[in-house]
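Colleague:
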Amino acid sequence: MCDSFVALSNVTQNGTVIFAKSADCEVNEANAIVRIPRQKHVKGEAVRLTHLVIPQAEETYEVFLTKAFWTYGAEIGINEYGLAMGEEAVYTTEMHEEQDGVIGPDLVRLGLERAKNCQEALQVMIDLLEKYGQGGSAELKGNSHFDSSFLMADSQEAYILETAGRNWAIRKIDSFDSISNLLTISDNYTRCSLTTSKAALNWAQRFALPEYPPNLGSVERQTTTYQALKNQQGKITVKTFFEIMRHHGEGYHPATATAHRNICVHAGPQENRWWQADGVMVTEVGEHGVIAWVTGTSGTCVSIFKPVFLGVELPDIGPVPTEHFDPRSLWWKHELLHRRAMADFENLVPEIRKDFDIIEEQFLAEAETVKKGTLAEKKDFMDYCFAIAMQATERWIATLRARKDLKFKDEGYRAMWQKLNAEAGLVGLPA
Numbered sequence: 004m005c006d007s008f009v010a011l012s013n014v015t016q017n018g019t020v021i022f023a024k025s026a027d028c029e030v031n032e033a034n035a036i037v038r039i040p041r042q043k044h045v046k047g048e049a050v051r052l053t054h055l056v057i058p059q060a061e062e063t064y065e066v067f068l069t070k071a072f073w074t075y076g077a078e079i080g081i082n083e084y085g086l087a088m089g090e091e092a093v094y095t096t097e098m099h100e101e102q103d104g105v106i107g108p109d110l111v112r113l114g115l116e117r118a119k120n121c122q123e124a125l126q127v128m129i130d131l132l133e134k135y136g137q138g139g140s141a142e143l144k145g146n147s148h149f150d151s152s153f154l155m156a157d158s159q160e161a162y163i164l165e166t167a168g169r170n171w172a173i174r175k176i177d178s179f180d181s182i183s184n185l186l187t188i189s190d191n192y193t194r195c196s197l198t199t200s201k202a203a204l205n206w207a208q209r210f211a212l213p214e215y216p217p218n219l220g221s222v223e224r225q226t227t228t229y230q231a232l233k234n235q236q237g238k239i240t241v242k243t244f245f246e247i248m249r250h251h252g253e254g255y256h257p258a259t260a261t262a263h264r265n266i267c268v269h270a271g272p273q274e275n276r277w278w279q280a281d282g283v284m285v286t287e288v289g290e291h292g293v294i295a296w297v298t299g300t301s302g303t304c305v306s307i308f309k310p311v312f313l314g315v316e317l318p319d320i321g322p323v324p325t326e327h328f329d330p331r332s333l334w335w336k337h338e339l340l341h342r343r344a345m346a347d348f349e350n351l352v353p354e355i356r357k358d359f360d361i362i363e364e365q366f367l368a369e370a371e372t373v374k375k376g377t378l379a380e381k382k383d384f385m386d387y388c389f390a391i392a393m394q395a396t397e398r399w400i401a402t403l404r405a406r407k408d409l410k411f412k413d414e415g416y417r418a419m420w421q422k423l424n425a426e427a428g429l430v431g432l433p434a
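Position in the sequence shown counted from 1, then plus 3, gives you this note's numbering.
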């Protein structure tokens, strides 16, 4: 379960285009942040996707991605031209296609690498979809297949692309919109693979299945993100997007929630709730170029967004994480904070957030100047921000490690974390 939303320049405070997506995955499905530079490829070269090998393009553009460590593609990304994109799982009547195809995250990366804007990306992705179809497992564990919906934006416009097998529908966005794990296009599509007559087809009615699992909360989450943007029209900033990504409903606690109705998703002991926000990206495109803000860590409410500029190397964030604990990795190092904070969720999250908000505000303010700077200045700023964020994280890890009273109160929640920590090889955490 994931959430994506966008605000075009006609509703943002600074006239920029702002995009965001959360990657909600299995608890130990570490997300990697990856920069892939622009590359020329040999004619006839092939590229191995998650499940398929297909012809490579002659040139691929620079991309910055947040991705599950084991997939070729990504759930979230942006390229050097300011084209941003995110993917959501949707459940349709056409998911019976069992042979290997191009999974949704692969389509995100291929669209970003091969297109400069939304129009080009739509064509690239539709061509691949129609040629290869969708198929193959899209989860780390088990064998779960689903179709995909996509939200994409460039410096001028934004679109929703929804798929059902090899079928597709497109809707252009006027000012702001959001998607979750459900089909949202009815007869209001801009283009559709099945018909040119809008009276002839209601897309969602034709292809949508009942929500699965039933506690997915897709309608509630999509309503939350859409309403939050609607309420802030004309005043929307990057900080607005950070706040939406940290949404918890009133009285929420991960141990007792029965459905995923929050944008900041946390795992819980109930059936089908061993999922969490493993990474988030917020992008902003305007007259001063492209900037991405990324957590690179799970638990958005106890994470710090850090800036990434295209065209420069990423800071040292350690090895690409896997499903096994590695303290050298940014993602897993942060888990030493995140998983301790969950033991006293109602008290520790506000305390940590108060500290981290000060740091994040500093990053946002200084980024306004750095946006206009040289690549060297951008590189220095990125290195500085990642270092400061890590120092703050390490301070909290030390503080919570010293808390001998830090224990889970809910037995089911404690048992869930014990099992997941053991699977990852994490020891010494609250029980």
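Backbone N, C-alpha and C fix where the C-beta goes; we use that ideal spot for every residue, glycine too.
I want to know whether the segment 53-62 touches the segment 269-287 - three or more CB-CB distances under 8 Å.
Modeller: no
Colleague: Would you mind sorting T377 into buried or exposed? The rule is 16 or more other CB atoms within 10 Å of its CB.
Modeller: Position 374 of the sequence shown, counting from 1, holds the residue named residue 377. Exposed.
Colleague: Three or more beta-carbon pairs under 8 Å between the segment 161-178 and the segment 87-106, yes or no?
Modeller: Counting Cβ pairs under 8 Å, three or more are found: they touch.
Colleague: Please go through the same chain and pick out, in chain order, the residues whose beta-carbon is closer than 6 Å to the beta-carbon of K119, but skip the five residues on each side of it.
Modeller: For the purposes of this step, residue 119 is identified with residue 116 of the sequence shown, where counting begins at 1. Residues of the same chain with a CB within less than 6 Å of the CB of K119, apart from the 5 flanking positions on each side, are Y84 in chain order.
Colleague: Rounded to whole angstroms, what is the Cα-Cα separation between G415 and I36?
Modeller: On the sequence shown, residue 415 is found 412 positions in, with the first residue counted as 1. On the sequence shown, residue 36 is found 33 positions in, with the first residue counted as 1. Whole-angstrom Cα-Cα distance: 32 Å.
Colleague: For K238, which residues of its own chain have a beta-carbon under 6 Å away from its beta-carbon, when the five flanking residues on both sides are left out?
Modeller: Taking the sequence shown and counting its residues from 1, one reaches residue 238 at position 235. Cβ within range, chain order: Q16.
Colleague: Does the separation of the CB atoms of I320 and L339 fall below 9 Å?
Modeller: Taking the sequence shown and counting its residues from 1, one reaches residue 320 at position 317. Taking the sequence shown and counting its residues from 1, one reaches residue 339 at position 336. Cβ distance not < 9 Å, so I320 and L339 don't count as in contact.
Colleague: Quick one: is H327 buried, meaning 16 or more other Cβ sit within 10 Å of its Cβ, or exposed?
Modeller: Translated into the one-based positions of the sequence shown, residue 327 becomes position 324. Classification of H327: exposed, given that the 10 Å Cβ count is below 16.
Colleague: I'd like to confirm the pairing. Which residues does DSSP put opposite G80 in its beta bridges?
Modeller: Along the sequence shown, one-based indexing puts residue 80 at 77. The partner list for G80 (beta bridge, DSSP) reads L68 and M88.
Colleague: Are the Cβ atoms of L317 and V293 separated by less than 9 Å?
Modeller: Taking the sequence shown and counting its residues from 1, the one referred to as residue 317 is at position 314. Taking the sequence shown and counting its residues from 1, the one referred to as residue 293 is at position 290. No. Outside cutoff.
Colleague: Got a sec? Which residues, its chain only, sit under 6 Å from W335 by beta carbon, not counting five neighbours each side?
Modeller: Position 332 of the sequence shown, counted from the first residue, corresponds to residue 335. A distance below 6 Å between beta-carbons, with the five flanking residues on each side excluded, links W335 to the following residues of its chain, in chain order: P324, F328 and D329.
Colleague: If you draw a straight line from the alpha carbon of A49 to that of F366, how long is it in whole angstroms?
Modeller: The residue labelled residue 49 in the question sits at position 46 within the sequence shown. The residue labelled residue 366 in the question sits at position 363 within the sequence shown. Between A49 and F366, the C-alpha separation is close to 41 Å.
Colleague: Could you pull the start and end residues of the alpha helix (DSSP H) that W420 belongs to?
Modeller: Here residue 420 is taken as the residue at index 417 of the sequence shown, counted from 1. E414 to A427 is the span of the alpha helix (DSSP H), which, as asked, contains W420.
Colleague: Give the straight-line distance between the Cα atoms of L110 and L185, rounded to the nearest whole angstrom.
Modeller: Here the question's residue 110 lines up with position 107 in the sequence shown. Here the question's residue 185 lines up with position 182 in the sequence shown. Here the C-alpha atom of L110 lies approximately 18 Å from the C-alpha atom of L185.
Colleague: Kindly provide the ranges of any beta strand (DSSP E) runs that are 3 or more residues long and lie completely inside the segment 198-284, ordered along the chain.
Modeller: none
Colleague: Going by beta-carbon coordinates alone, are M345 and P213 separated by less than 9 Å?
Modeller: Sequence index remark: in the sequence shown, residue 345 carries index 342 (1-based). Sequence index remark: in the sequence shown, residue 213 carries index 210 (1-based). No; because the gap between Cβ atoms is not below 9 Å, this pair is not in contact.
Colleague: Apply the 10 Å Cβ neighbour rule to D177 and answer buried if 16 or more other Cβ atoms are within range, or exposed otherwise.
Modeller: Taking the sequence shown and counting its residues from 1, the one referred to as residue 177 is at position 174. Burial call: exposed.
Colleague: What does the Cβ neighbour count give for R343, buried or exposed, with the cut at 16 atoms within 10 Å?
Modeller: The residue you call residue 343 lines up with position 340 of the sequence shown. The residue is buried, with at least 16 neighbouring Cβ atoms inside 10 Å.
Colleague: Just reading off the alpha helix (DSSP H) that N120 is part of, what are its end residues?
Modeller: By 1-based counting over the sequence shown, the position of residue 120 is 117. Counting along the chain, N120 falls outside any alpha helix (DSSP H), and DSSP gives it neither H nor E.
Colleague: Name the residue from Q159, K24, V30 and P310 whose alpha carbon lies nearest to the alpha carbon of S301.
Modeller: Indexing the sequence shown from 1 puts residue 301 at position 298. Closest option to S301, Cα to Cα, is V30.
Colleague: For M419, I'd like the list of residues in its chain whose CB is within less than 6 Å of its CB, leaving aside the five on either flank, ordered along the chain.
Modeller: Here residue 419 is taken as the residue at index 416 of the sequence shown, counted from 1. Same-chain partners within the cutoff: P272.
Colleague: Candidates W399, N424 and E363: which alpha carbon is nearest V2's?
Modeller: Look at the range of the chain in this structure, 4 to 434, and you will see that residue 2 is not part of it.
Colleague: Under DSSP, the alpha helix (DSSP H) around E338 begins and ends at which residues?
Modeller: In the sequence shown, residue 338 corresponds to position 335, counting from 1. Start and end: L333 to A344.
Colleague: Alpha carbon to alpha carbon, how far is L52 from N265? Give it in angstroms, no decimals.
Modeller: By 1-based counting over the sequence shown, the position of residue 265 is 262. By 1-based counting over the sequence shown, the position of residue 52 is 49. Rounded to whole angstroms, N265 to L52 spans 32 Å at the Cα level.
Colleague: Which residue from V373, L403 and L154 puts its Cα closest to that of I355?
Modeller: For the purposes of this step, residue 355 is taken as the residue at position 352 of the sequence shown. Of the candidates V373, L403 and L154, the one whose C-alpha sits nearest the C-alpha of I355 is L403.
Colleague: Going by the beta-carbon positions, is the gap between D180 and I163 smaller than 9 Å?
Modeller: On the sequence shown, position 177 is the one that residue 180 refers to. On the sequence shown, position 160 is the one that residue 163 refers to. Yes.
Colleague: First and last residue of the alpha helix (DSSP H) that includes D27?
Modeller: If you number the sequence shown from 1, residue 27 lands on position 24. First-last for D27: V20 to E29, but that is the beta strand (DSSP E), not the alpha helix (DSSP H).
Colleague: Roughly how many angstroms separate the alpha carbons of D157 and A10, rounded to a whole number?
Modeller: In the sequence shown, residue 157 corresponds to position 154, counting from 1. In the sequence shown, residue 10 corresponds to position 7, counting from 1. In this structure, the alpha-carbon of D157 lies about 11 Å from that of A10.
Colleague: When the Cα of I247 is compared with those of G89, N13, A23 and R112, which residue comes out closest?
Modeller: Here residue 247 is taken as the residue at index 244 of the sequence shown, counted from 1. For the residues G89, N13, A23 and R112, the minimum Cα distance to I247 belongs to A23.
Colleague: Secondary structure at W399, three-state DSSP: helix, strand or coil?
Modeller: Start at 1 with the first residue of the sequence shown, and residue 399 comes out as number 396. Three-state DSSP puts W399 in a helix.
Colleague: Do you know whose CA, among L197, I182, C28 and W206, lies nearest P188's CA?
Modeller: Sequence index remark: in the sequence shown, residue 188 carries index 185 (1-based). For the record, residue 188 in the displayed sequence is Ile; it is not Pro. Here the closest residue by C-alpha is W206.
Colleague: Do L219 and H263 have their CB atoms nearer than 9 Å?
Modeller: Indexing the sequence shown from 1 puts residue 219 at position 216. Indexing the sequence shown from 1 puts residue 263 at position 260. Yes, these two residues count as a Cβ contact at 9 Å.
Colleague: Short of 8 Å in beta carbon distance, which residues of its chain neighbour L132, apart from the five on each side in sequence? Order them along the chain.
Modeller: Walking along the sequence shown from the start, residue 132 turns up at place 129. V105, L110, T166, R169 and W171.
Colleague: Am I right that A33 and C5 are in contact with their C-beta atoms under 8 Å? What's the rounded C-beta distance?
Modeller: On the sequence shown, position 30 is the one that residue 33 refers to. On the sequence shown, position 2 is the one that residue 5 refers to. The distance from the Cβ of A33 to that of C5 is about 16 Å, inconsistent with a contact at the 8 Å cut-off.
Colleague: From this set, D103, L113 and T198, which residue's C-alpha is nearest G139's C-alpha?
Modeller: As a working mapping, residue 139 is identified with position 136 in the sequence shown. The option with the nearest alpha carbon to G139 is D103.
Colleague: Assign N424 to one of two classes, buried (16 or more other C-beta atoms within 10 Å of its C-beta) or exposed (fewer than that).
Modeller: Locating residue 424 in the sequence shown gives position 421, counting from the first residue. So N424 counts as buried.
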